[in-house]
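Q:
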Amino acid sequence: MSKPQYTSKKDAIQKGIVKKAGVFYKQNLLELWYSKGWLDLAGSPFGSEDRLRFGLKFAQDYNFLRRSQIATTTLKNDKIDTQNRIEDKHFLDVLDRYRKAVRSIPREFWPVVRQICLEERQLEIPAFLSDRQKAYFYFLYRTDLCRGLDRVISSYTSKLKDDKDDN
Numbered sequence: 004m005s006k007p008q009y010t011s012k013k014d015a016i017q018k019g020i021v022k023k024a025g026v027f028y029k030q031n032l033l034e035l036w037y038s039k040g041w042l043d044l045a046g047s048p049f050g051s052e053d054r055l056r057f058g059l060k061f062a063q064d065y066n067f068l069r070r071s072q073i074a075t076t077t078l079k080n081d082k083i084d085t086q087n088r089i090e091d092k093h094f095l096d097v098l099d100r101y102r103k104a105v106r107s108i109p110r111e112f113w114p115v116v117r118q119i120c121l122e123e124r125q126l127e128i129p130a131f132l133s134d135r136q137k138a139y140f141y142f143l144y145r146t147d148l149c150r151g152l153d154r155v156i157s158s159y160t161s162k163l164k165d166d167k168d169d170n
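All residue numbers for the sequence shown refer to this note's numbering, where the first residue is 4 and numbers rise by one.
Structure below.
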């Protein structure tokens, strides 16, 4: 029988485990990047807090839509309704907001935003790169993520401005 391995505080922080309000919480990848200061971009009208907040909202919309597409079967009915009747206003609002945000992200930034915010996959750097090249690779990757999230913020906040103008 092997001994359980002790996780040090440093290991827990590197894995994104933090203590919030007396409860241990595992940060997602975007929150981890925020805590490292990687969501800062000089010359941008938005701050890293805005990128984190709207990046999390974008991921929340994605996960809501993904879960709503899961088909459930009922054992009582023999007939299958093949018509797609979506009448839920909240679902349609989230779908519209998500589609506008995706369309606002340029093609060159989309893979980075998708990988970090939606799929929560860490980037894979080729092993043959030198330390300087790896640092530059990270810099470019973070810059593309921030620029993509800026477009998401613009998309989400323009919707808010449109709603305020209607009143």
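Glycine is no exception: its CB is placed at the ideal position from the N, C-alpha and C atoms.
Here the structure is a predicted model, which means the values were calculated and not measured.
(1) Have a look at Tyr101, Lys137 and Gln136 and flag the residue whose alpha-carbon is nearest the alpha-carbon of arginine 154.
(2) So, tyrosine 28 versus leucine 55, is the Cβ gap smaller than 7 Å?
(3) Give every residue of the same chain whose Cβ lies closer than 6 Å to the Cβ of lysine 18, excluding the five residues on either side of it in the sequence, and list them in chain order.
(4) Quick check on lysine 92: does DSSP put it in helix, strand or coil?
(5) Rounded to whole angstroms, how far is the Cβ of valine 115 from the Cβ of tyrosine 141, which I believe are closer than 8 Å?
(6) Tell me which residues share the same chain as lysine 92 and place their Cβ nearer than 7 Å to its Cβ, disregarding the 5 neighbours each side in the sequence.
(7) Say whether the segment 116-124 touches the segment 31-48, bearing in mind that this needs 3 or more beta-carbon pairs closer than 8 Å, one atom from each stretch.
(8) Rounded to the nearest angstrom, what separates phenylalanine 131 and lysine 137 at their Cα positions?
(9) Using DSSP bridges, identify the partner residues of lysine 6.
(10) Since tyrosine 28 sits in a beta bridge, which residues does DSSP pair it with?
(11) Keeping to the same chain, check which residues put their C-beta closer than 6 Å to that of aspartate 147; ignore five residues upstream and five downstream.
(12) Which of the three DSSP states is assigned to alanine 45 in this structure?
A: In short:
(1) Tyr101
(2) no
(3) none
(4) helix
(5) About 12 Å; that fails the 8 Å criterion.
(6) none
(7) yes
(8) 9 Å
(9) For lysine 6, which the question treats as bridged, DSSP gives no partner whatsoever.
(10) Val21
(11) Phe112 and Val115
(12) coil
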